[in-house]
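Everything in the sequence shown is counted per my numbering, starting at 87 for the first residue and increasing by one.
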Amino acid sequence: MVVPCYNEQEVILEFHARLAAVMDKLGNPWEVVYVNDGSKDETFPVLCGIRTGCANCAVLDLSRNYGKEIALTAGMQYSQGQAVVVIDADLQDPPELIPALVEEWGNGFEVVYARRKSRAGESGLKKTTAKLFYHVIGKLSRVQIPANTGDFRLLSRKAVDSLLAFPEQHRFMKGLFAWIGYSQKAVYYHRDPRFAGESKWNYSALWNFAIEGITSFSTVPLRLVSYLGSLIAIFAIIYAGGVIYKTLVFGDPVQGYPSLMVVILLLGSIQLIGLGVIGEYLGRVSNEVKRRPLYFLDSYQISSLSKPSSASKAGEFNNPPHSDEE
Ligand code: UDP
Ligand code: MG
Numbered sequence: 087m088v089v090p091c092y093n094e095q096e097v098i099l100e101f102h103a104r105l106a107a108v109m110d111k112l113g114n115p116w117e118v119v120y121v122n123d124g125s126k127d128e129t130f131p132v133l134c135g136i137r138t139g140c141a142n143c144a145v146l147d148l149s150r151n152y153g154k155e156i157a158l159t160a161g162m163q164y165s166q167g168q169a170v171v172v173i174d175a176d177l178q179d180p181p182e183l184i185p186a187l188v189e190e191w192g193n194g195f196e197v198v199y200a201r202r203k204s205r206a207g208e209s210g211l212k213k214t215t216a217k218l219f220y221h222v223i224g225k226l227s228r229v230q231i232p233a234n235t236g237d238f239r240l241l242s243r244k245a246v247d248s249l250l251a252f253p254e255q256h257r258f259m260k261g262l263f264a265w266i267g268y269s270q271k272a273v274y275y276h277r278d279p280r281f282a283g284e285s286k287w288n289y290s291a292l293w294n295f296a297i298e299g300i301t302s303f304s305t306v307p308l309r310l311v312s313y314l315g316s317l318i319a320i321f322a323i324i325y326a327g328g329v330i331y332k333t334l335v336f337g338d339p340v341q342g343y344p345s346l347m348v349v350i351l352l353l354g355s356i357q358l359i360g361l362g363v364i365g366e367y368l369g370r371v372s373n374e375v376k377r378r379p380l381y382f383l384d385s386y387q388i389s390s391l392s393k394p395s396s397a398s399k400a401g402e403f404n405n406p407p408h409s410d411e412e
């Protein structure tokens, strides 16, 4: 299991207790990699406490808050298992579903994702905007991103290694999970409200997340801008023809200030929107070409499953610590 944790001090003990109960009952060898994503509360000490009492635990401490996507990537790099379950710490993803995921993995699926039948504790506005987002990205992107599916899922070792092969900084996980392909299977569940603590997602964060998803998985907006430009050019040529004809035939009295203003303002704003769209992509290109390391670890404690010599390459993205031991 890979568990990203950011300010989760109130839930993490309860989470671990429920997870350990489920996993012990399942009977397979298991480990859980907790990734402390630069929490500002007592999450890290609590995680260290859990680690002391549980040999199956690994704790990674990132040097600052990098965001859930990077935290997940770090956790996956340090994971050792033949399959990895990505699960939130806040108990919105019930650990009790893991046996069902494992069962489908046993049936030969490389990716088994948990799909929400319901979203308890979420506002109508959040549900509507989520639905709209899945609709738009479904239309814009070539890979089909399943709706109502979070990051909660089981990935086989093959799928995990495929995900780790993505060098990009802008890691829109929902998209990457779909991008890698392989045989995928949905398992349905009811999403619980948060056990305690607060969601880190407000509407502005969700808006950024949506832009991130669209720009990472589609260049359709760029093409739309050029289509819009061509369309306006056609109208402009027709209109220009009319104006020239009128001037030649009827002379040129100085008129037309309102229409001039309207055209200038309209074209000016469309150009700015176009520049903005290009800018969104350009900004991401500039972030990618810097090729910065994805993250740095402040410290880590490996689990009993890990081999000590191999887990020492913090931040070296192209050398996942488990790469030599499959
Ligand atoms: N999380 C993280 N880094 C962040 C934000 C969130 O590791 O910068 C973790 C968080 O601790 C939780 C998971 O990502 O385990 C999901 O976060 P949250 O519950 O806030 O998101 P929501 O369920 O509201 O989508
Ligand atoms: Mg949550």
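Every residue gets a Cβ at the ideal spot worked out from N, C-alpha and C, and that includes glycine.
{"Query": "Between S316, K376, Y164, A282, which has its C-alpha nearest D247's C-alpha?", "Result": "Y164"}
{"Query": "Restricting to Cα atoms, I'd like to know which of T305, Q270, Y331, T129 is closest to T235.", "Result": "Q270"}
{"Query": "Note down, in chain order, each residue of its chain lying with its Cβ closer than 7 Å to the Cβ of E402, except the 5 sequence neighbours on either side.", "Result": "With a pLDDT of 43 at E402, under the threshold of 50, the modelled position of that residue is not reliable, and the figure given next carries that caveat. Cβ within range, chain order: n/a, list empty."}
{"Query": "Compute the minimum distance between the beta carbon of D278 and the heavy atoms of ligand 1, and state whether it is under 7 Å.", "Result": "no"}
{"Query": "What are the complete alpha helix (DSSP H) segments, minimum 4 residues, inside the stretch 144-230?", "Result": "154-164, 184-192, 210-226"}
{"Query": "Could you work out which residue in N122, A107, D338 is closest to D384 when comparing CA atoms only?", "Result": "N122"}
{"Query": "What did DSSP end up calling L314 once you bin it into helix, strand or coil?", "Result": "helix"}
{"Query": "What number of angstroms, rounded off, separates the C-alpha of P90 from the C-alpha of G161?", "Result": "8 Å"}
{"Query": "Whole angstroms are fine: how far does the CA of E254 sit from the CA of V375?", "Result": "9 Å"}
{"Query": "Could you name the residues of the same chain whose beta carbon sits closer than 6 Å to that of S125, not counting the 5 residues immediately before and after it, in chain order?", "Result": "Y92, N93"}
{"Query": "Any chance the CB of Q95 is under 7 Å from a heavy atom of ligand 2?", "Result": "no"}
{"Query": "Return the Cβ separation of R137 and V197 in integer angstroms, given the expectation that the two are a contact with Cβ distance under 8 Å.", "Result": "About 29 Å separates the two Cβ atoms, so there is no contact after all."}
{"Query": "Less than 7 Å between the CB of S345 and some heavy atom of ligand 2, yes or no?", "Result": "no"}
{"Query": "Any idea what DSSP makes of Q357, helix, strand or coil?", "Result": "helix"}
{"Query": "Is N193 near ligand 1, going by C-beta to nearest heavy atom under 7 Å?", "Result": "no"}
{"Query": "Cβ of Y92 versus every heavy atom of ligand 1: is any distance shorter than 7 Å?", "Result": "yes"}
{"Query": "What is the DSSP secondary structure of L308, counted as helix, strand or coil?", "Result": "helix"}
{"Query": "What did DSSP end up calling D234 once you bin it into helix, strand or coil?", "Result": "One detail in the question is off: residue 234 reads as Asn in this sequence, not Asp. It is coil, neither helix nor strand."}
{"Query": "Please state if the CB of C134 and the CB of V118 are separated by a distance shorter than 8 Å.", "Result": "no"}
{"Query": "Contact between the stretch 356-363 and the stretch 310-325 is defined here as three or more beta-carbon pairs at a separation below 8 Å; is this criterion met?", "Result": "yes"}
{"Query": "Give me the DSSP bridge partner(s) of A272.", "Result": "Y199"}
{"Query": "By DSSP, does C134 sit in helix, in strand, or in coil?", "Result": "helix"}
{"Query": "Which first and last residues belong to the beta strand (DSSP E) in which L383 is found?", "Result": "383-387"}
{"Query": "Would you report the Cα separation of P279 and E208, rounded to the nearest angstrom?", "Result": "8 Å"}
{"Query": "Would you list the one or two residues that DSSP bridges to S390?", "Result": "DSSP lists no partner for S390."}
{"Query": "With DSSP run on the structure shown, which of helix, strand or coil describes Y367?", "Result": "helix"}
{"Query": "Based on the DSSP secondary-structure assignment, which residues constitute the bridge partners of L241?", "Result": "V170, V197"}
{"Query": "Assuming N294 is part of the alpha helix (DSSP H), what are its boundary residues?", "Result": "289-303"}
{"Query": "From W116, F295, P115, D147, pick the residue whose C-alpha is nearest to that of S129; which is it?", "Result": "Reading the sequence as shown, one finds Thr at residue 129 and not Ser. Per the Cα distances, D147."}
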